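The sequence shown begins at 40 in my numbering and counts up by one. Built from N, CA and C at the ideal position, the CB exists for glycine as well. Predicted, not measured: the structure shown is a model, and the values here were computed from it.
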Amino acid sequence: MLLLILMAASLGAEQPVPLGLDIYMPAPDNNQPTREKVVLGRRLFFDRGLSLDRSLSCATCHDPKRAFTDGRTVSVGVYGRRGSRNAPSLINRGYGETHFWDGRAPALEKQVLEPILSSLELALTPAKLEERTRLSPAEVANALASYVRSIRSGNSAYDRYLYGDHGALNKQRRRGLALFRGKAGCSLCHTGPNLSDERFHNTGVAWREGALLDSGRFRVTGSTLDRGSFKTPTLREVARTASLVSSRWWIITTREAVPTPDSIPRFGRFA
Ligand code: HEC
Ligand code: HEC
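Next comes the structure, spelled out in structure tokens:
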């Protein structure tokens with residue numbers, strides 16, 4: 040599967056869409072994906088020159104081997120500066136409607152520059168970025184967004200099961216799926232081809248002993264209903280992230296994860 044992701048990631052636009060995913064992936068008119076942009080974006084994604092002290096790249100926090108997460112509770116940027124949130128997986132983010140846990144970035148082209156310019160992450164200035172890459176910030180953004188759109192994962196046992204291969208899931212997993220869709224209610228939010236409704240929910244993840252550590256979506260909308268709400272993440276490839284270890288829960292994945300439906304899921308990946 041990893042091979043498949045990497046292949047998809049490197050070949051981008053030309054790869055067939057993995058089973059189970061939407062054929063159509065939106066991209067803005069002025070940044071339609073091309074092979075050149077995906078290849079450039081991939082190079083930039085792994086380029087430590089994008090960080091002030093040349094110690095980090097996007098891939099430090101979004102490691103392909105960990106489904107593009109970093110295995111940490113919260114991310115650590117240049118000079119050990121700690122952020123306050125967990126690095127989300129970048130799998131199938133091209134299908135996303137908004138970006139970041141609070142959905143503050145409406146488009147990937149806007150999203151990808153934020154970590155480069157954030158003083159807690161890569162900490163460059165636009166001028167330094169141009170000097171280091173010899174590209175304009177817009178060119179960097181278009182290439183990185185095109186690369187992120189090329190990161191796709193599907194064709195899991197779950198997809199093959201949905202598409203009629205009954206044997207693709209063993210009995211235990213079929214029971215897990217029934218729970219997922221039924222009693223456990225997971226598919227209320229983890230729904231659709233990417234197992235996310237792309238909406239925001241208060242799962243209690245940012246609450247500690249009655250105190251709200253991160254107001255989440257509230258910061259974007261100002262609506263009290265959104266206090267402590269975060270975007271539903273995809274569950275694809277979640278077995279490769281640290282979140283499964285903490286949730287110890289049955290998950291739809293290409294990996295042979297074992298369901299433990301009796302355990303109470305703890306999704307907390309925030310500080
Ligand atoms: C220091 C660690 C770190 C680095 C470096 C980093 N990211 Fe992230 N990334 C994060 C964290 C943490 C979030 C979530 C932040 C939030 O929600 O406020 C995130 C969010 C994202 C998202 C949004 C995903 C979603 O589900 O909405 C994308 C896309 C992304 N990063 C791409 C990149 C790219 C491209 C780079 C390189 C230019 C990069 N990141 C560098 C930690 C990092
Ligand atoms: C009300 C909507 C909702 C329901 C129902 C729901 N989730 Fe989630 N899930 C979320 C949101 C929002 C997050 C992100 C915030 C968090 O970690 O709590 C999340 C996070 C997760 C994560 C962490 C993934 C990651 O990459 O960080 C896992 C695993 C998960 N959910 C599995 C499940 C399972 C299994 C069920 C059913 C028992 C379930 N969820 C039910 C909304 C929901």
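task = Could you have a look at residue 250 and say whether DSSP puts it in helix, strand or coil?
result = strand
inquiry  = Could you check whether the segment 167-174 touches the segment 81-89, counting it as contact only if at least three pairs of C-beta atoms, one from each stretch, sit closer than 8 angstroms?
reply    = yes
query = Roughly how far, in whole angstroms, is the beta-carbon of residue 147 from the beta-carbon of residue 187, given that I think they are within contact range, below 8 angstroms?
reply = 6 angstroms
query = On the premise that residue 241 lies in contact with residue 275, defined as a C-beta separation below 8 angstroms, what is that separation, rounded to the nearest angstrom?
reply = At roughly 23 angstroms, the Cβ-Cβ gap does not stay under 8 angstroms, so residue 275 and residue 241 are not in contact.
ask   = How close, in whole Å, do the beta carbons of residue 101 and residue 66 come, if the pair is a contact with beta carbons under 8 angstroms?
value = The Cβ separation is near 20 angstroms, so there is no contact.
ask   = Does the segment 135-155 come close enough to the segment 260-272 to have 3 or more Cβ pairs within less than 8 angstroms?
value = yes
query = Should residue 281 and residue 110 be called a contact, given that it needs their Cβ atoms to be closer than 8 angstroms?
reply = yes
ask   = In chain order, which continuous runs of the alpha helix (DSSP H) of length 4 or greater are located wholly inside the segment 84-169?
value = 97-100, 147-150 and 152-156
request  = Following the continuous alpha helix (DSSP H) through residue 277, name the residue where it begins and the one where it ends.
outcome  = Taken as a continuous stretch (DSSP letters only), residue 277 belongs to no alpha helix (DSSP H), as it is neither H nor E.
message = Using the three-state DSSP reduction, which class does residue 229 fall into: helix, strand or coil?
response = coil
ask   = When you compare only the Cα positions, how much space is there between residue 84 and residue 224?
value = 36 angstroms
query = Distance, Cα to Cα, residue 287 vs residue 228?
reply = Only weak support exists for where residue 287 lies, its pLDDT of 34 falling under 50; the value from the coordinates is given anyway. Taking the straight line joining both Cα atoms gives about 19 angstroms.
key: Spatial distance of residue 183 from residue 63 (CA atoms)   = 19 angstroms
query = Could you give the distance in angstroms between the alpha-carbon of residue 198 and the alpha-carbon of residue 208?
reply = 10 angstroms
query = Under the DSSP definition of a beta bridge, which residues are partnered with residue 239?
reply = 270
query = For ligand 1, any of its heavy atoms closer than 7 angstroms to the Cβ of residue 105?
reply = no
query = Among the residues of its own chain, which have a CB less than 7 angstroms from the CB of residue 180, if the five just before and after it don't count?
reply = 148, 151 and 152
ask   = In the DSSP assignment, what residue or residues form a beta bridge with residue 255?
value = 268
ask   = Which residues bound the alpha helix (DSSP H) around residue 186?
value = 176-189
ask   = Excluding the five sequence neighbours on either side, which residues of its own chain have a C-beta within less than 6 angstroms of the C-beta of residue 162, listed in chain order?
value = 91 and 117
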